[in-house]
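The next block holds one structure in the form of structure tokens; read it before the comments.
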Amino acid sequence: MAMASPPIEILLVEDNPADVRLTLEALKDAKVANRLHVARDGVEAIRALKDPGSATPRPDLILLDLNLPRKDGREVLKEIRQDEALRHIPVVILSTSQAEQDIVQSYRLGANAFVTKPAEIDQFFQVVQSLEQFWLAVAKLARP
Amino acid sequence: MVVESLPTGVVMVDRAGTIVLVNRETERLFGYRREELVGRSIELLVPGRLRSGRDLSGVRKDGSDIPLEIGLNPVDAEEGSFLLASVIDIGSGKRAEEELRRSNEELERFAYVASHDLQEPLRTVSSYVQLLSRRYRGQLDADAVDFIDFAVGGVRRMQQLIEDLLAFSRVGTRGAPLVPTDLQAAFEHTLASLHAALDESQATVTADPLPTVVADAGQLAQLLTNLIGNALKFHGADPPRAHVGAERSGRMWTISVQDNGIGIAPEYFERIFVIFQRLHAREEYAGTGVGLAICKKIVERHGGRIWVDSAPGRGARFSFTLPAATE
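Same order as they appear, the protein sequences are chains Z and U.
All residue numbers for the first sequence refer to numbering that gives the first Met the number 0, where the first residue is 0 and numbers rise by one.
All residue numbers for the second sequence refer to numbering that gives the first Met the number 0, where the first residue is 0 and numbers rise by one.
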């Protein structure tokens, strides 16, 4: 008998509450048990990841917006990739940007995927579901 | 003396550079009375330190600089040889040009930033209205469904307007250098990108042999795409036909796109090139009224001009000029 695995922990770094809720709604129908934690800016994200007293468990997947208050997504990504304890965590950039330069820079900094947030809700739901399908079901995540 | 009333500043100096004569316009330009100038060195008006290369500056009595164009004519008289200088203030034209350039740049920057920042709240409105419809489908009556459709339609239109405005602003801010570019290749590229529309409308598009012009290849393709796209869009009862012609006149090529579509009345020949101007209801022809404004901006960036010849029901011919790549 297979043991039920613990739920997948996802950290969403996003400053727009409307987008946070939308992602939450899209993940509600997910087939894989998951818990979404939210950081509202880059500073909060780094604290959630590095602070030993943080209430947020170490995530299995990070969804990261690029343009954030205080510390932007590029800096957060750079810090994650420089940290021995965090660098294995897949980071998916979820941004409104379609700029070539943002895409290239994100991959150079070690992003695992770059996804542009679609304007149409059906597509947005599809995107979140395919992220879920790939990262939570298809891919095997490192859970050291 | 006729020199006195010339609209150009005239200054005569002797071989030592001493002013011997000035006219009224010179007094006005520099703010001195002639008694203050005659007998003084030309250094007073045009100091050597300001004479660099082609850009020449003078100094007014109040100390302010004045950009000048100076023409020199040697004059040999019995008293010896003199230099007769005609002096033109080029500052006013140059300043206006500079201000225009700066305000255009600011406008483009504003359009770019505003477009990005405007898209985000719009996306939120559209997402949540659609979420309402998705989540409560079956519980809503027909009115509620209509209202949601109108709201979503409004948002889509706004998104399109912003995107088009962004494309318009990019003509100025994101342009590539103007280099010799094969118009034939741009034309073929355009046909490939319009493939679906061509198939759907059963259109025939032909072209003369096309020349090499000095252009930004991306913008050239955009120009042709917009014009040929319009030829397909505004078609009459017959399947659309379009022909791209090329004719050389001096250093410019005149390129034309002739169609067999619904045509345009002459009173609208200017207006169609103005951004957001449309001649049709949205239900008849979709669009935001930006396409031809972009065409105009592209052509003008290349130093050419664009115009239309047409009559209602008689098709339209859009023509534009571009600099030839070879003399």
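Positions of the beta carbon are idealized from the N, C-alpha and C atoms, including for glycine.
- Close to Q129(U), with beta-carbon spacing below 7 Å, are these residues of chain Z in chain order: I120.
- Under the Cβ criterion of 9 Å, R133(U) is counted among the residues facing chain Z.
- A310(U) sits away from F167(U), with the two beta carbons spaced by 9 Å or more.
- By the neighbour-count criterion, in which a residue is buried when 16 or more other Cβ atoms sit within 10 angstroms of its Cβ, A185(U) is buried.
- Restricting attention to L85(Z), L65(Z), G52(Z) and K116(Z), the CA atom closest to the CA of Q100(Z) is found in L65(Z).
- About 7 Å separates the CB atoms of A112(Z) and I92(Z); that is less than 8 Å, so the two are in contact.
- When rounded, the separation of the alpha-carbon atoms in D88(U) and S56(U) is 9 Å.
- Straight through space, the alpha carbons of T189(U) and L223(U) are spaced by roughly 7 Å.
- Non-local beta-carbon contacts of S105(Z) in its own chain, meaning distances under 6 Å to residues more than five positions away in sequence, involve I92 and F113 in chain order.
- In the DSSP assignment, R20(Z) falls within the unbroken alpha helix (DSSP H) covering P16 to K27.
- For T123(U), the chain Z residues whose C-beta falls within less than 8 Å of its own C-beta are N15, A17 and D18, listed in chain order.
- Interface criterion not met: the Cβ of E97(U) is under 9 Å from no Cβ in chain Z.
- Excluding five sequence positions before and after R32(U), the CB atoms of its chain that fall closer than 8 Å to its own CB belong to E26, given in chain order.
- In this structure, H234(U) lies away from S192(U), with their beta-carbon atoms at least 9 Å apart.
- Using a 10 angstroms sphere on the CB of E282(U), the tally of other CB atoms stays under 16, which defines it as exposed.
- Chain Z places no beta carbon closer than 9 Å to that of S168(U), leaving this residue out of the contacts.
- Counting along the chain, E99(Z) sits inside the alpha helix (DSSP H) bounded by residues E99 to R107.
- DSSP lists no beta-bridge partner residue for D142(U).
- Looking at the DSSP output, F319(U) sits in a beta bridge with I254(U) and I305(U).
- Taking the beta carbon of F123(Z) as reference, the chain U residues within 8 Å of it are S126, listed in sequence order.
- Look at E119(Z) here: in three-state DSSP terms it is coil, with no helix or strand label.
- Sequence-distant Cβ neighbours of K296(U) in its own chain, meaning closer than 6 Å and more than five residues away, are V170.
- In the displayed model, P56(Z) falls within coil according to three-state DSSP, outside both helix and strand.
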